[in-house]
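*Asks:* Submitted below is the structure of interest, expressed as structure tokens.
Protein chains: 2
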Amino acid sequence: MYSLLSDLSIIEASSFVASPTAGLYCAQMGAEVIRVDPKEGGLDYDRYMLTIEGRSLSWENLNRAKKSVALDLRSEEGRELLVALAATAGNLITNLPEQSFLSHGAVAASRPDLVSLRIMGWHDGRQAMDFTVNAASGYPLMTGPEEWDAANPPPVNHVLPAWDFITGAYSAFALLAGIRHRERTGEGSELRVPLGDVAIGTVANSGAMAEMLYRGGDRERLGNAIWGAFGRDFTSRDGQRFMVAALTAKQWRGLVAAFGLGDAIAELEAEFGVSLASSDVPRFANRHRLFDAFQHAAGQMKWAELEARLLAEGCTYERYRTMHEAATDPVLVADNPLFGPSPANPSGFTYPAARSFANIPGQPRGNPQPAPFLGQHTEQVLADKLGLSSGHIAALVDRGVARLSDQPS
Amino acid sequence: MYSLLSDLSIIEASSFVASPTAGLYCAQMGAEVIRVDPKEGGLDYDRYMLTIEGRSLSWENLNRAKKSVALDLRSEEGRELLVALAATAGNLITNLPEQSFLSHGAVAASRPDLVSLRIMGWHDGRQAMDFTVNAASGYPLMTGPEEWDAANPPPVNHVLPAWDFITGAYSAFALLAGIRHRERTGEGSELRVPLGDVAIGTVANSGAMAEMLYRGGDRERLGNAIWGAFGRDFTSRDGQRFMVAALTAKQWRGLVAAFGLGDAIAELEAEFGVSLASSDVPRFANRHRLFDAFQHAAGQMKWAELEARLLAEGCTYERYRTMHEAATDPVLVADNPLFGPSPANPSGFTYPAARSFANIPGQPRGNPQPAPFLGQHTEQVLADKLGLSSGHIAALVDRGVARLSDQPS
């Protein structure tokens with residue numbers, strides 16, 4: 000863990016993926032992130048994959064390096080404690096609805112310079128999740144094999160909840176923008192990030208919305224080909240599938256050399272009357288003929304030979320892995336400084352844990368931290384942040400307003 | 000445009016998607032983002048979709064609200080100007096290699112408290128792009144229809160360059176973390192964000208890496224079903240495809256009511272011996288039987304009726320749209336405050352433009368800004384930031400070291 004944000008304290012009242020991710024990124028950069036949950040755990044506390052003992056491997060990865068406070072959030076008293084914690088910290092990440100007890104106004108009443116970051120569904124308050132905004136975005140009807148009926152292809156949902164992760168990272172950015180603004184001006188900010196706006200806004204930012212409007216219709220199906228450039232998956236003689244990409248003349252020349260296609264490409268260039276090294280345009284326009292040539296060449300070579308050639312030419316390529324293969328690949332995980340040794344996870348299961356995506360050369364990266372047990376820091380946080388006495392806290396626990404750690408004794 | 004970051008000036012030397020996205024998010028929050036490109040434009044200056052006049056709709060959306068400086072970056076003098084601009088701003092976003100003239104050290108030599116954010120391919124310096132890190136991540140071999148041969152499914156690449164967009168948002172966050180740290184301590188930071196680490200790190204953060212290791216193998220194929228919960232695409236009697244999600248008891252009860260399945264579900268619960276409202280687990284475990292019941296019900300109703308019922312029950316659902324349908328959907332675009340009127344785009348094409356994903360209630364959102372013409376701000380920036388005289392700048396232009404706007408006269 001780096002310490003860039005070590006002076007920050009953030010209350011996170013959230014569930015699922017986007018909102019916990021925003022807190023995770025801050026925690027991995029050294030912020031104190033206190034996740035406040037209902038006594039029985041948030042809606043995501045039992046998200047798959049569950050271990051035999053019922054511990055969520057999803058939860059314990061999305062909530063690393065955070066503290067946990069467990070309160071009865073159905074009770075007035077529990078809600079007041081959460082509002083008081085958010086007001087004390089002055090920084091709040093949440094995906095609770097604005098029309099809840101945790102509105103910006105409710106917290107800002109006692110903390111006018113509050114910076115709150117609220118992840119919403121659609122901008123108008125309608126519920127949405129990654130899976131549903133994705134359906135609206137247009138991407139699922141563009142995904143999948145090129146040969147599918149272009150007039151009526153089935154939707155293909157992504158497995159990566161991409162909108163959640165983009166929203167989480169963007170929300171961490173927006174929160175820091177608000178915090179920095181307060182530090183310079185004294186003003187708080189209420190920031191709202193609708194998941195649906197991240198999706199349709201990304202369609203716009205990528206240029207795809209302008210493209211569809213300019214075309215007056217939808218893009219042709221591309222399968223695994225890269226839009227507007229040269230790249231696709233190919234299969235070696237021994238059946239290894241791999242992806243190659245050439246978006247620059249240098250990448251293109253490297254691929255042609257690695258595949259041993261110098262002569263064949265020269266013949267095609269003569270036939271097409273273009274230089275294929277000149278730009279993406281002729282490579283994309285003639286992609287089907289080029290794909291045939293590349294697949295023919297790939298089918299002549301075993302993967303070991305082909306990879307040696309791709310490596311020697313400095314090509315941009317990667318072999319497809321199943322996720323289990325990825326998880327056990329030393330290049331990706333064991334030998335990658337992104338990962339550190341397993342901390343003592345709540346599940347008891349031992350496996351590599353990720354540090355922050357950003358690395359800072361010359362600064363110690365520290366080791367990844369575990370997620371907390373639910374309520375593990377209830378006592379400490381109520382005492383340190385709200386100044387409650389141990390007697391007061393014990394009474395809250397007795398009355399069921401607060402809960403201590405769910406770690407099995 | 001909001002003004003949270005209006006006191007910041009950032010030099011961006013970048014291309015493609017991830018790195019320009021980081022600058023875009025900062026610019027949409029009011030930062031002065033100065034993109035410095037080679038005279039002929041960066042590697043992404045001609046990225047598809049191109050208009051008939053050859054203007055990239057991709058470029059003009061990923062570079063909104065930025066300034067543009069065009070220099071001969073092959074010349075020593077042009078490179079020195081870029082290094083001087085980065086040193087003057089003190090903030091740098093780039094995807095140029097560390098082993099280039101724009102290393103952190105080269106800029107920090109005259110600006111020790113520089114905050115640089117460098118987007119890389121793999122952490123070890125190997126080249127990578129969204130398409131290739133995606134192949135390594137495991138997701139493409141999990142994507143696509145459930146009925147495909149589980150032992151040897153073809154890879155399905157995502158069309159959304161999700162890793163680029165996650166990396167872009169995360170990089171904007173990491174940059175602000177570094178800037179804020181400097182403001183508190185005086186220290187600069189060199190932050191590196193490898194695209195490959197964002198991919199394999201997200202596999203870890205999502206819990207999927209732990210899941211595969213815990214299983215000792217890969218997850219079963221799910222098609223469009225939501226992992227570990229209830230949700231899938233269904234088709235109405237009149238052929239409308241739509242996605243539904245139920246991750247909470249409330250969402251589940253709403254869906255059962257909207258589909259008119261109260262009795263059928265009660266029968267299934269009796270047969271299974273479980274309460275399907277109790278948790279995700281029985282809904283996921285029995286998903287195939289449930290999917291059959293839901294599809295049967297959906298096939299009885301036209302979409303208009305079904306949607307009215309889904310809306311009345313407050314369900315989380317969305318109909319699939321093609322991207323052209325999404326781009327022309329008033330709910331998503333024309334009536335969505337995320338979008339503003341078309342600025343004067345370099346392409347001359349007029350279409351809705353997105354504001355920042357984050358909205359701040361009660362603050363004026365301002366209108367989206369256009370991308371610059373290449374070199375549009377060369378003169379202004381060299382004068383204002385480096386104090387060059389107009390004669391000096393004219394000489395740079397004459398000698399081909401700097402270029403003015405490529406706007407057709």
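Quick mapping for you: the protein sequence lines, in order, are chains A and B.
So the first sequence is numbered by numbering that gives the first Met the number 0: it starts at 0 and just counts up by one.
So the second sequence is numbered by numbering that gives the first Met the number 0: it starts at 0 and just counts up by one.
Built from N, CA and C at the ideal position, the CB exists for glycine as well.
For clarity, every value in this text was computed on a predicted model and none was experimentally measured.
1) With which residues is G339/A paired in a DSSP beta bridge?
2) Restricting to Cα atoms, I'd like to know which of Y138/B, E59/B, R402/B and D232/B is closest to A436/B.
3) When we look at the beta-carbon of I51/B and count the other beta-carbons within 10 Å, is it buried (16 or more) or exposed?
4) Quick one: which residues of the region 122 to 136 of chain A get their C-beta closer than 9 Å to a C-beta of chain B? List them in chain order.
5) Is there at least one Cβ from chain B nearer than 9 Å to T201/A's Cβ?
6) Is A244/B close to chain A, meaning its C-beta is less than 9 Å from at least one C-beta of that chain?
7) Any beta-carbon of chain A closer than 9 Å to the one on P371/B?
8) Taking just the CA atoms, how far does G53/B sit from Y138/B?
9) Under a CB-based cut-off of 9 Å, is A357/A close to chain B?
10) Rounding to the nearest angstrom, what Cα-Cα distance links L254/A and C314/A in this structure?
11) Let's see if you can read the secondary structure: which residues bound the beta strand (DSSP E) around M119/B?
12) Evaluate the contact criterion for the region 387 to 404 of chain A versus the region 64 to 75 of chain A: three or more CB pairs, one atom per stretch, below 8 Å.
13) Comparing alpha-carbon positions, which option in M119/A, Y319/A, T327/A and M211/A lies nearest G215/B?
14) Hey, does N156/A have any beta-carbon neighbour from chain B nearer than 9 Å?
15) Should P371/A go down as buried or exposed, given a rule of 16 or more other Cβ atoms within 10 Å for buried?
16) Is any beta-carbon of chain B found at less than 9 Å from that of P216/A?
17) Report the residue ranges of all alpha helix (DSSP H) runs contained in full by the region 61 to 148 of chain A; include only those spanning at least 4 residues, in chain order.
18) Which residue comes first and which comes last in the alpha helix (DSSP H) that contains I33/A?
19) Does DSSP put N204/A in a helix, in a strand, or in coil?
20) Using the beta-carbon of each residue, which ones in chain A are nearer than 8 Å to D316/B?
21) Roughly how many whole angstroms lie between the Cα atoms of M300/B and V243/B?
22) For chain B, is any of its Cβ atoms less than 9 Å away from the one on S205/A?
23) Please report the distance separating the alpha-carbon of L309/B from that of I10/B.
24) Output needed for L331/B: all residues of its chain with C-beta closer than 6 Å, excluding positions within five of it in sequence on either side, in chain order.
25) My assumption, with CB atoms under 8 Å, is that E210/B sits in contact with T131/A. Please give the rounded CB distance.
26) Using alpha carbons as the reference points, say which of M119/A, S102/A and I118/A lies closest to P111/A.
27) In whole angstroms, what separates the C-alpha of R125/A from that of P193/A?
28) Count Cβ pairs between the region 226 to 237 of chain A and the region 357 to 367 of chain B that sit closer than 8 Å; are there 3 or more?
29) If you draw a straight line from the alpha carbon of L381/A to that of I392/A, how long is it in whole angstroms?
30) For Y316/B, which three-state DSSP category applies?
31) Quick one: measure Cβ to Cβ for L175/A and R78/B, integer angstroms, because I've assumed they're closer than 8 Å.
32) Give me the residue from E266/A, S2/A, T377/A and L267/A with the minimum Cα distance to E186/B.
33) Going by Cα to Cα distance, which pick from A311/B, D397/B and S278/B is closest to Y44/A?
34) Mind checking whether L49/B and M28/B have CB atoms under 9 Å apart?
35) Closer than 9 Å by beta-carbon distance: list the chain B residues that pair up with R183/A, in chain order.
36) Let me make sure I understand the geometry here. Which of E76/B, R34/B, A26/B and F293/B has the alpha-carbon closest to that of E394/B?
*Replies:* Considering the structure as presented:
1) Taking the first residue of the first sequence as 1, we reach residue 339/A at position 340. Its beta-bridge partners are A352/A.
2) Residue 436/B lies beyond the range of chain B shown here (0 to 408); nothing can be said about it.
3) Residue numbering aside, residue 51/B sits at position 52 when the second sequence is read from its first letter. So I51/B ends up on the exposed side.
4) H122, D123, R125, Q126, A127, M128, D129, F130, T131, V132, N133, A134, A135 and S136
5) Within the first sequence, the letter at position 202 stands for residue 201/A. Yes, contact with chain B.
6) What you label residue 244/B is simply residue 245 of the second sequence in a count that begins at 1. Chain A, which has a Cβ nearer than 9 Å to the Cβ of A244/B, makes this yes.
7) To locate residue 371/B, count along the second sequence from 1; it is residue 372. False, the Cβ-Cβ gap to chain A never drops below 9 Å.
8) Within the second sequence, numbered from 1, the residue matching residue 138/B stands at position 139. Within the second sequence, numbered from 1, the residue matching residue 53/B stands at position 54. Rounded to whole angstroms, Y138/B to G53/B spans 35 Å at the Cα level.
9) Position 358 of the first sequence, counted from the start, is the residue given in the question as residue 357/A. For A357/A, the answer is yes, since a Cβ of chain B falls inside 9 Å of its Cβ.
10) On the first sequence, position 255 is the one that residue 254/A refers to. On the first sequence, position 315 is the one that residue 314/A refers to. When the Cα atoms are used, L254/A and C314/A turn out to be separated by approximately 6 Å.
11) Residue numbering aside, residue 119/B sits at position 120 when the second sequence is read from its first letter. Element bounds for M119/B: V114 to M119.
12) Remark: three or more beta-carbon pairs, one from each stretch, lie closer than 8 Å, so the region 387 to 404 of chain A and the region 64 to 75 of chain A are flagged as touching.
13) Your numbering for residue 215/B matches position 216 in the second sequence. G215/B has its Cα closest to that of T327/A, out of M119/A, Y319/A, T327/A and M211/A.
14) Stepping through the first sequence from its first residue, residue 156/A is reached at position 157. Closer than 9 Å: yes.
15) Counting from one through the first sequence, the residue named residue 371/A turns up at place 372. Per the 10 Å Cβ criterion, buried.
16) Sequence index remark: in the first sequence, residue 216/A carries index 217 (1-based). Contrary to the premise, residue 216/A reads as Gly rather than Pro in this sequence. Closer than 9 Å: yes.
17) Counting only runs of at least 4 residues, the region 61 to 148 of chain A fully encloses the following alpha helix (DSSP H) elements, listed from N- to C-terminal order: 75 to 88, 103 to 107 and 129 to 136.
18) Walking along the first sequence from the start, residue 33/A turns up at place 34. It is not in any alpha helix (DSSP H) - I33/A instead sits in the beta strand (DSSP E) that spans E31 to P37.
19) Against the first sequence, residue 204/A aligns to sequence position 205. Correct three-state label for N204/A: helix.
20) Looking up residue 316/B in the second sequence gives position 317. This sequence places Tyr at residue 316/B; Asp is not what is there. In chain order: T131.
21) Here the question's residue 300/B lines up with position 301 in the second sequence. Here the question's residue 243/B lines up with position 244 in the second sequence. Cα-Cα distance, rounded: 15 Å.
22) Looking up residue 205/A in the first sequence gives position 206. Yes, contact with chain B.
23) Your numbering for residue 309/B matches position 310 in the second sequence. Your numbering for residue 10/B matches position 11 in the second sequence. The straight-line gap from Cα to Cα measures roughly 48 Å.
24) On the second sequence, residue 331/B is found 332 positions in, with the first residue counted as 1. Cβ neighbours of L331/B beyond the five flanking positions: A325.
25) For the purposes of this step, residue 210/B is taken as the residue at position 211 of the second sequence. For the purposes of this step, residue 131/A is taken as the residue at position 132 of the first sequence. Actually they do not touch by this definition, with Cβ atoms about 23 Å apart.
26) Residue 111/A sits at position 112 when you count from the first residue of the first sequence. It is S102/A.
27) For the purposes of this step, residue 125/A is identified with residue 126 of the first sequence, where counting begins at 1. For the purposes of this step, residue 193/A is identified with residue 194 of the first sequence, where counting begins at 1. A straight-line Cα-Cα distance of about 10 Å links R125/A and P193/A.
28) no
29) As a position in the first sequence, residue 381/A is number 382, starting the count at 1. As a position in the first sequence, residue 392/A is number 393, starting the count at 1. So the alpha carbons of these two residues sit roughly 7 Å apart.
30) Position 317 of the second sequence holds residue 316/B. Correct three-state label for Y316/B: strand.
31) Reading the first sequence from its first residue, position 176 is the one you call residue 175/A. Reading the second sequence from its first residue, position 79 is the one you call residue 78/B. So it is not a contact: roughly 31 Å between Cβ atoms.
32) Working through the second sequence from its first residue, we reach residue 186/B at position 187. Checking every option, the nearest Cα to that of E186/B belongs to S2/A.
33) Sequence index remark: in the first sequence, residue 44/A carries index 45 (1-based). Of A311/B, D397/B and S278/B, the residue nearest in Cα terms is S278/B.
34) Walking along the second sequence from the start, residue 49/B turns up at place 50. Walking along the second sequence from the start, residue 28/B turns up at place 29. No, the Cβ-Cβ distance between L49/B and M28/B is not below 9 Å.
35) Position 184 of the first sequence, counting from 1, holds the residue named residue 183/A. What R183/A touches in chain B: D6 and E182.
36) Position 395 of the second sequence, counting from 1, holds the residue named residue 394/B. Looking at the sequence itself, residue 394/B is Ala, so the reference to Glu does not match. Answer by Cα proximity: E76/B.
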